[in-house]
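For reference, the structure is listed below as structure tokens.
Number of protein chains: 2
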Amino acid sequence: MAANALRPEDVDDGSAVPLAGRGATRRNGGSGIRAAKARATDERILAAAMQSFGTKGFEATSLDQLAGELGVTKQTILYHHSSKAELLDAVIDRASVDLTETFHAALSGAGRGWDRIDALVRSVFRLAIRRPELLGLVREVSRLGAPASTRVAHNLEPLVQRAQAFLAAEMDAGRMRRSDPALVLVSAYSTVVGVATEVEVLRAVGIEPTLRTTVVRRRELLAFLHAALVV
Amino acid sequence: MAANALRPEDVDDGSAVPLAGRGATRRNGGSGIRAAKARATDERILAAAMQSFGTKGFEATSLDQLAGELGVTKQTILYHHSSKAELLDAVIDRASVDLTETFHAALSGAGRGWDRIDALVRSVFRLAIRRPELLGLVREVSRLGAPASTRVAHNLEPLVQRAQAFLAAEMDAGRMRRSDPALVLVSAYSTVVGVATEVEVLRAVGIEPTLRTTVVRRRELLAFLHAALVV
DNA sequence: CAGATTGTCTACCACTTGGTAAGTGAACCG
DNA sequence: CGGTTCACTTACCAAGTGGTAGACAATCTG
Numbered sequence: 005m006a007a008n009a010l011r012p013e014d015v016d017d018g019s020a021v022p023l024a025g026r027g028a029t030r031r032n033g034g035s036g037i038r039a040a041k042a043r044a045t046d047e048r049i050l051a052a053a054m055q056s057f058g059t060k061g062f063e064a065t066s067l068d069q070l071a072g073e074l075g076v077t078k079q080t081i082l083y084h085h086s087s088k089a090e091l092l093d094a095v096i097d098r099a100s101v102d103l104t105e106t107f108h109a110a111l112s113g114a115g116r117g118w119d120r121i122d123a124l125v126r127s128v129f130r131l132a133i134r135r136p137e138l139l140g141l142v143r144e145v146s147r148l149g150a151p152a153s154t155r156v157a158h159n160l161e162p163l164v165q166r167a168q169a170f171l172a173a174e175m176d177a178g179r180m181r182r183s184d185p186a187l188v189l190v191s192a193y194s195t196v197v198g199v200a201t202e203v204e205v206l207r208a209v210g211i212e213p214t215l216r217t218t219v220v221r222r223r224e225l226l227a228f229l230h231a232a233l234v235v
Numbered sequence: 005m006a007a008n009a010l011r012p013e014d015v016d017d018g019s020a021v022p023l024a025g026r027g028a029t030r031r032n033g034g035s036g037i038r039a040a041k042a043r044a045t046d047e048r049i050l051a052a053a054m055q056s057f058g059t060k061g062f063e064a065t066s067l068d069q070l071a072g073e074l075g076v077t078k079q080t081i082l083y084h085h086s087s088k089a090e091l092l093d094a095v096i097d098r099a100s101v102d103l104t105e106t107f108h109a110a111l112s113g114a115g116r117g118w119d120r121i122d123a124l125v126r127s128v129f130r131l132a133i134r135r136p137e138l139l140g141l142v143r144e145v146s147r148l149g150a151p152a153s154t155r156v157a158h159n160l161e162p163l164v165q166r167a168q169a170f171l172a173a174e175m176d177a178g179r180m181r182r183s184d185p186a187l188v189l190v191s192a193y194s195t196v197v198g199v200a201t202e203v204e205v206l207r208a209v210g211i212e213p214t215l216r217t218t219v220v221r222r223r224e225l226l227a228f229l230h231a232a233l234v235v
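From first to last, the protein sequence lines stand for chains A and B.
Per our numbering, residue 5 is the first one in the first sequence, and the count goes up by one each step.
Per our numbering, residue 5 is the first one in the second sequence, and the count goes up by one each step.
Printed below as a string of structure tokens:
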């Protein structure tokens with residue numbers, strides 16, 4: 005009751021603008037050597053933060069330790085991002101862009117109907133292997149709740165819209181079992197991300213997550229989804 | 005890479021024994037007024053810790069704050085559980101018992117085949133509403149990794165065994181699409197727990213999680229699972 | 001009733017946390 | 001070239017963190 009209740013910070017003040025715009029603290033737009041170096045530093049900060057937030061978790065990541073990994077002082081991080089919360093925001097925006105690009109790319113090459121879902125699932129699994137921190141971050145952020153989750157939800161809204169529209173169209177065309185697209189999306193999302201990321205659960209049922217078992221898992225998941233969705 | 009690697013603490017020393025046995029620190033077995041009071045305190049500690057670990061997360065929960073909520077000093081908590089890690093272990097054991105009892109109860113009243121899955125899903129949703137911290141804890145622990153996740157996996161093994169045996173039997177009887185029971189279990193687990201608990205994701209697709217929408221979600225999920233599993 | 005035991009509290013501790021203040025030297029710009 | 005700006009550092013800090021030491025009163029045990 006106390007945990008997921010609405011907090012005062014929920015009133016989204018700082019307008020989430022993923023693409024460019026306010027890079028660090030609206031300075032650093034230059035094109036000299038200095039500005040380039042600064043951008044490179046910020047790049048490394050964002051990458052390391054995403055890695056740590058997405059795998060170890062937000063609270064479990066300390067700025068000191070993050071700075072240590074980067075061979076930089078904590079104050080450098082705080083120079084680029086005025087607080088830990090703001091760093092999380094920046095990481096979220098970055099991750100949103102990455103996710104959106106990945107999925108749009110996967111879909112642009114796909115055919116119609118089931119092919120699209122197949123392509124999407126494949127790209128999620130590729131992501132789970134190559135950039136596990138990205139999916140982990142989405143989970144972590146949704147666990148953290150309000151200020152952060154609102155941001156990611158807002159950032160990924162176009163993606164969600166596209167997915168829902170696709171499902172609705174497929175249902176209309178009679179190629180997919182008819183039901184509420186939003187709910188189907190949630191079910192499919194849970195299943196895919198869960199199967200792709202819940203390493204510990206896999207261990208619990210005696211499956212050591214290697215590359216080979218991952219392929220098997222993906223195939224099984226596709227069969228599961230196909231049976232669940234396709235008419 | 006650094007995050008989910010095998011840590012030294014992984015060598016499970018302290019044999020997970022959920023039921024009774026070592027209550028607090030192997031004292032406190034008495035039956036006097038004093039012992040009874042102590043057990044009541046420990047009870048409250050465990051309940052509050054499970055609540056906080058399962059909703060806010062392990063790292064985000066401090067012993068000071070936990071003690072504050074209980075109207076007790078931190079040292080009282082550390083008297084009953086020698087460290088925060090050990091408190092987590094105790095909470096895990098307690099949660100394991102609760103989960104096991106819940107599911108066995110749900111299944112004992114259920115019929116055969118699909119009815120059993122139906123009963124199970126209903127009990128997970130009931131859990132998600134009445135004791136969200138329990139499912140949240142499982143998630144949290146599996147995120148925390150090695151020492152804790154090993155423990156919960158070990159504790160819930162009988163449940164997993166039972167589920168796998170059930171799926172295998174259903175497949176043998178030709179009532180369920182044939183495939184690897186372990187993988188089907190993971191898919192189903194991800195889907196059910198995800199749909200039941202991922203409040204933020206629901207918000208993202210525009211579903212405010214109220215009691216009414218929960219019922220709808222459960223119905224939709226059952227249809228999804230039925231289509232995915234039943235032949 | 002006397003003495004040991006047990007549960008809880010007060011008082012600390014070393015250490016880490018996110019964050020601030022005040023520089024410093026190199027790059028930029030007139 | 002000379003001053004300004006910028007990226008970054010060193011040096012702090014107050015507020016927590018998990019955990020220890022020891023006192024104390026209520027309870028148990030003889």
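No residue lacks a Cβ here, since even glycine has one placed at the ideal position from N, Cα and C.
Of the choices the options, whose alpha-carbon is the least far from that of residue i?
i                : options                                : result
Ser191 (chain B) : A:Gln165, A:Ala232, A:Arg166, A:Thr214 : A:Ala232
Glu202 (chain A) : B:Val197, B:Arg134, B:Val203, B:Thr214 : B:Val197
Val220 (chain B) : A:Ser35, A:Ala186, A:Arg143, A:Ala169  : A:Ala186
Ala208 (chain B) : A:Gly149, A:Gly72, A:Gly34, A:Met180   : A:Gly149
Arg116 (chain B) : B:Asp46, B:Met180, B:Leu206            : B:Met180
Phe62 (chain B)  : B:Thr217, B:Gly75, B:Leu92             : B:Leu92
Ala157 (chain A) : B:Val205, B:Phe107, B:Ala44, B:Val76   : B:Val205
Ala64 (chain B)  : B:Glu144, B:Asp46, B:Pro213            : B:Glu144
Pro151 (chain A) : A:Val235, A:Pro213, A:Lys88            : A:Lys88
Ile133 (chain A) : A:Arg38, A:Ile37, A:Pro213             : A:Pro213
Could you check the C-alpha separation between residue i and residue j for me, to the nearest Å?
i                : j                : result
Leu3 (chain B)   : Tyr83 (chain A)  : Coverage of chain B is limited to positions 5 through 235, which leaves residue 3 (chain B) absent and any answer about it impossible.
Ala173 (chain A) : Lys78 (chain B)  : 57 Å
Phe101 (chain A) : Thr195 (chain A) : One point to set straight first is that residue 101 (chain A) is Val, not Phe, in the sequence displayed. Roughly 23 Å separates the two Cα atoms.
Thr29 (chain B)  : His85 (chain B)  : Residue placement at Thr29 (chain B) is flagged as unreliable, the pLDDT there being 37, under the threshold of 50; the coordinate-derived value follows with that caveat. Cα to Cα, Thr29 (chain B) sits roughly 7 Å from His85 (chain B).
Ala227 (chain A) : Asp184 (chain B) : 11 Å
Leu215 (chain B) : Arg135 (chain B) : 14 Å
Arg222 (chain A) : Ser112 (chain A) : 21 Å
Arg182 (chain A) : Ala42 (chain B)  : 56 Å
Thr218 (chain B) : Tyr193 (chain B) : 18 Å
Leu124 (chain A) : Met175 (chain A) : 18 Å
Phe170 (chain B) : Ala177 (chain B) : 11 Å
Ala265 (chain A) : His108 (chain A) : Outside the displayed span of chain A (5 to 235) sits residue 265 (chain A), for which this structure offers no information.
His230 (chain A) : Trp118 (chain A) : 8 Å
Gly27 (chain A)  : Glu105 (chain A) : Because the pLDDT of Gly27 (chain A) is 37, which lies under 50, any placement of that residue in the model is unreliable, and the number read from its coordinates should be weighed accordingly. In a straight line, the C-alpha of Gly27 (chain A) is about 19 Å away from that of Glu105 (chain A).
Ala110 (chain B) : Arg126 (chain B) : 9 Å
Ala40 (chain B)  : Ile81 (chain B)  : 16 Å
Val235 (chain B) : Gln168 (chain A) : 27 Å
Val76 (chain B)  : Glu90 (chain B)  : 18 Å
For residue i versus residue j, is the C-beta spacing smaller than 9 Å?
i                : j                : result
Val199 (chain A) : Leu163 (chain A) : no
Ala94 (chain A)  : Leu50 (chain A)  : yes
Leu138 (chain B) : Leu189 (chain B) : no
Ala99 (chain A)  : Val128 (chain A) : no
Asp97 (chain B)  : Arg166 (chain B) : no
Sort out for me which residues DSSP pairs residue i with in a bridge.
i                : result
Met180 (chain A) : A:Val234
Leaving aside the five residues before and after residue i along the sequence, list all residues of the same chain whose C-beta is less than 6 Å from its C-beta, in chain order.
i                : result
Ser146 (chain A) : Ser153
Gly140 (chain B) : Gly58, Thr59
Ile211 (chain B) : Thr217
Arg38 (chain A)  : none
Here's a check: name, in chain order, each residue in its chain whose Cβ is nearer than 8 Å to the Cβ of residue i, leaving out the five neighbours to either side.
i                : result
Ala52 (chain B)  : Leu70, Glu73, Leu74
Ala114 (chain B) : Arg120, Asp122, Ala123, Leu124
To which residues of the same chain is residue i closer than 7 Å at the C-beta, ignoring the five residues directly before and after it?
i               : result
Arg56 (chain A) : According to the sequence as given, residue 56 (chain A) is Ser; it is not Arg. Taken in chain order, the residues that qualify are Thr65, Leu70.
Ser35 (chain A) : none
Met54 (chain B) : Val95, Arg98, Ala99, Glu137, Leu141
Asp68 (chain A) : Lys78
Arg48 (chain B) : Leu74
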